[in-house]
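Working notes for the structure below.
Protein chains in written order, with this note's numbering: chain Y, 1 to 310; chain H, 1 to 371.
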């Protein structure tokens, strides 16, 4: 249980370790090496041999259109989907050879859709995040309590702790779930579309949590985001996927270009650089054979926006 | 000012929620269950073919000749010779009391079993009956009774084997890269149908009418004629299954969050499911081996408890441990005394009451199935 305590304290020891991120395995907290991922019952792999390295202590955003395989890739990295070939390395160790609890102590995953009984309280839900740190008969320790407090505080859902999850709004629920993953106290955090379906207020709140995590701890975050502008604002590095292939990777200002938007997202858009990263002004959807459509860019901006924000 | 009052009401509401959801309802439920079981148990020992007054029954229950007699307790627990007792005491302690106690054990087992199955399958409709465990265990019990009557002491074991086989069959039929509530129920219907037919077929191999009648009682679920021997068969597996279930409450709670979440929190979901199912099968088989197939009980009791204490399995299971016995003793009072002097199997009572409840659930819930 207590192995690697110095490393797995994520939030707590943020500041001391942030100073020396070069130390040993910290360099490569999560690496997908030539992974092939597919779902049972389908012949074609969704991801056919892609490699990805999560930037240590930073936010890596996976973006791409619907069905581009970004969530699948995340599932593969989270050991929710066993790769047919290739390997996923967590702290330099092949994730397949690790025990499930050992993985969960180092890597947290927030799935896209989470279900829970309606009558569970937020606090009880967050305590479930301590599961990988507890043995079968262990009761709650002070360490568990501290981690839960920290997580609730960080996720800003202290005012909800006694509420039943069933009575919360979608945004509040998401905060509760984020608190649960934070209570897991991991070095690596994977978030699958944490802002989708939330109202703007809660979208921003979730983004602020991620920013806080990046600034005040050395947690490595990989996040799938639907909204490319949001991703550009939030991420230190972006990885763009289309049809299961990584099309571009790098800093947001290098990835978010008019050319990439055209190729990957099949939209025509104007990209302007701002202090908060590149801004995307979607103009219209491109269709096959639309090679020189730049001329009528005023056409139906609303529709294009819908597609991006979908 | 405003923030002060808000702080105060916050503390108040917190205290209230804490009392209300954590302790109040559960303690109330447990106390009420004990009271109900006690009253029903007293009715059960007081009335019957040999009539005595309530006062006489009380005197018999608290007869020091039993309460302080090592020999008597040895006889109950280990099946040794009973000491000389007055007639009333003998009837109360040797005939009526064990029936109440076995009802307590069976009720506990079925309620706990149903609760576990509902979490493992994340299906509100799951119960040992619906998942085929009952019919599988019933089949092996009948096989033992009709064909291998010398193996009767191993009934719980055979019942557990039969129950496991049936459950695995149901799971295999329902499995299609995962299961869904509806597919599980349908698979359960299929397996139940086959196993029930086999049970009926067995009747034709019975030598005499007595065997047929007792076999019929098994299939319907009856506590008629159970004695200390059934208590001795059931007590250890019941305690074991209940304790294991309570120990697994946190795992059950986590399973309610869905396979994916449980997985990402480091649970070996399939293994935990398998082990908890084994506990549930043990519990159901224990009840079946002493009381036959008592329908609807394992489905309905966890529901009633959930309505009162919520879905936290620590509370739910504790509630089941109390409510199950209480309702089973009550149902058995109905079975034994309602049509006095005729007795009906207790499974008839639970079916008649449980069926409409099931219907009520079905009508009330739009999204039926998932917890």
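Note that beta-carbon positions come from the ideal geometry of N, C-alpha and C, so glycine has one too.
Residue 293 of chain H vs residue 138 of chain H beta-carbon contact at 9 Å: Walking along the second chain from the start, residue 293 of chain H turns up at place 293. Walking along the second chain from the start, residue 138 of chain H turns up at place 138. Their beta carbons are under 9 Å apart, which means residue 293 of chain H touches residue 138 of chain H by this criterion.
Cβ-based contacts, 8 Å cut-off: residues of the stretch 203-218 of chain Y near chain H: none
Residues that DSSP places opposite residue 272 of chain Y in a beta bridge: Within the first chain, residue 272 of chain Y is the residue found at index 272, counting from 1. Per DSSP, Y/279.
Of the listed residues H/288, H/262 and H/327, nearest to residue 304 of chain H (C-alpha basis): One-based indexing of the second chain puts residue 304 of chain H at position 304. With distances taken between Cα atoms, residue 304 of chain H lies closest to H/327.
Chain Y within 9 Å of residue 193 of chain H, Cβ atoms only: Taking the second chain and counting its residues from 1, one reaches residue 193 of chain H at position 193. Taking Cβ atoms only, chain Y never reaches closer than 9 Å to residue 193 of chain H, which makes this a no.
Spatial neighbours of residue 314 of chain H in its chain, beta-carbon cut-off 7 Å, leaving aside the 5 residues before and after: Counted from its first residue, the second chain places residue 314 of chain H at position 314. Taken in chain order, the residues that qualify are 249.
C-alpha gap between residue 195 of chain H and residue 352 of chain H, whole angstroms: As a working mapping, residue 195 of chain H is identified with position 195 in the second chain. As a working mapping, residue 352 of chain H is identified with position 352 in the second chain. For residue 195 of chain H and residue 352 of chain H, the distance between alpha carbons rounds to 22 Å.
Residue 4 of chain Y at chain H interface by Cβ criterion, 9 Å: The residue given as residue 4 of chain Y occupies position 4 in the first chain. Model confidence at residue 4 of chain Y stands at a pLDDT of 42, short of 50, so the residue's coordinates are unreliable; what they give is reported in the following sentence. Cβ-Cβ to chain H under 9 Å: no for residue 4 of chain Y.
Selection of the stretch 310-326 of chain H by Cβ proximity to chain Y, strictly under 7 Å: 310, 311 and 312
Option in Y/71, Y/173, Y/79 and Y/41 with minimal Cα separation from residue 266 of chain H: Your numbering for residue 266 of chain H matches position 266 in the second chain. Ranking Y/71, Y/173, Y/79 and Y/41 by Cα distance to residue 266 of chain H puts Y/79 first.
Cα-Cα separation between residue 319 of chain H and residue 164 of chain Y, rounded to whole angstroms: Locating residue 319 of chain H in the second chain gives position 319, counting from the first residue. Locating residue 164 of chain Y in the first chain gives position 164, counting from the first residue. Each residue's Cα considered, the two are about 20 Å apart.
Residue 120 of chain H vs residue 111 of chain H beta-carbon contact at 9 Å: Your numbering for residue 120 of chain H matches position 120 in the second chain. Your numbering for residue 111 of chain H matches position 111 in the second chain. No, they are not a contact pair.
Whole-angstrom C-beta distance between residue 286 of chain H and residue 335 of chain H, which should lie under 8 Å: The count along the second chain starts at 1 and reaches residue 335 of chain H at position 335. The count along the second chain starts at 1 and reaches residue 286 of chain H at position 286. That belief does not hold up - the Cβ atoms of residue 335 of chain H and residue 286 of chain H are roughly 20 Å apart, past 8 Å.
Beta carbon of residue 89 of chain Y nearer than 9 Å to that of residue 224 of chain Y: In the first chain, the residue the question calls residue 89 of chain Y occupies position 89. In the first chain, the residue the question calls residue 224 of chain Y occupies position 224. Against a cut-off of 9 Å, the Cβ pair of residue 224 of chain Y and residue 89 of chain Y comes out as no contact.
Straight-line gap, residue 279 of chain H to residue 345 of chain H (C-alpha atoms, nearest Å): The residue given as residue 279 of chain H occupies position 279 in the second chain. The residue given as residue 345 of chain H occupies position 345 in the second chain. Distance between the alpha carbons of residue 279 of chain H and residue 345 of chain H is about 26 Å.
From H/322, H/211 and H/229, residue whose alpha carbon lies closest to that of residue 98 of chain H: Locating residue 98 of chain H in the second chain gives position 98, counting from the first residue. For residue 98 of chain H, the nearest C-alpha among the options comes from H/229.
Selected residue, minimal CA-CA separation from residue 137 of chain Y, among H/76, H/190 and H/244: Taking the first chain and counting its residues from 1, one reaches residue 137 of chain Y at position 137. The shortest C-alpha separation from residue 137 of chain Y is found at H/244.
Residue 34 of chain Y versus Y/246, Y/240 and Y/230, residue with shortest Cα-Cα distance: Position 34 of the first chain holds residue 34 of chain Y. Per the Cα distances, Y/246.
Short Cβ contact (9 Å threshold) for residue 323 of chain H with residue 301 of chain H: Here residue 323 of chain H refers to the residue found at position 323 of the second chain. Here residue 301 of chain H refers to the residue found at position 301 of the second chain. Against a cut-off of 9 Å, the Cβ pair of residue 301 of chain H and residue 323 of chain H comes out as a contact.
Runs of alpha helix (DSSP H) lying entirely within the stretch 50-86 of chain H, each at least 4 residues, in chain order: 54-61, 64-67 and 70-78
Against chain Y: residues of the stretch 260-280 of chain H by CB proximity under 7 Å: 260, 261, 263, 264, 265, 266, 267 and 268
Chain-order list of residues whose beta-carbon lies under 6 Å from that of residue 247 of chain H (same chain, five-residue window excluded): Your numbering for residue 247 of chain H matches position 247 in the second chain. There are no such residues.
DSSP state of residue 23 of chain Y mapped onto helix, strand, coil: Looking up residue 23 of chain Y in the first chain gives position 23. Its pLDDT being 42, under 50, residue 23 of chain Y is placed unreliably by the model, and nothing is read from it.
C-alpha distance - residue 95 of chain H paired with residue 163 of chain H, whole-angstrom precision: Residue mapping note: residue 95 of chain H aligns to position 95 of the second chain, counting from 1. Residue mapping note: residue 163 of chain H aligns to position 163 of the second chain, counting from 1. Going by the C-alpha atoms only, they are around 29 Å apart.
Beta-carbon proximity of residue 134 of chain H to residue 283 of chain H, cut-off 9 Å: As a first step, residue 134 of chain H is located in the second chain; it is residue number 134 there, counting from the start. As a first step, residue 283 of chain H is located in the second chain; it is residue number 283 there, counting from the start. Taking 9 Å as the Cβ cut-off, residue 134 of chain H and residue 283 of chain H do not qualify as a contacting pair.
Continuous beta strand (DSSP E) stretch holding residue 87 of chain Y: start and end: Here the question's residue 87 of chain Y lines up with position 87 in the first chain. Looking at the DSSP string, the run of the beta strand (DSSP E) that includes residue 87 of chain Y is 85-90.
Within-9 Å CB hit, residue 7 of chain Y to chain H: For the purposes of this step, residue 7 of chain Y is identified with residue 7 of the first chain, where counting begins at 1. Only weak support is given to the placement of residue 7 of chain Y: the predicted model assigns it a pLDDT of 40, under 50, and the value that follows is read from those uncertain coordinates. Output row for residue 7 of chain Y: interface = no.
Short Cβ contact (9 Å threshold) for residue 85 of chain Y with residue 221 of chain Y: Looking up residue 85 of chain Y in the first chain gives position 85. Looking up residue 221 of chain Y in the first chain gives position 221. In this structure, residue 221 of chain Y does not lie closer than 9 Å to residue 85 of chain Y by Cβ.
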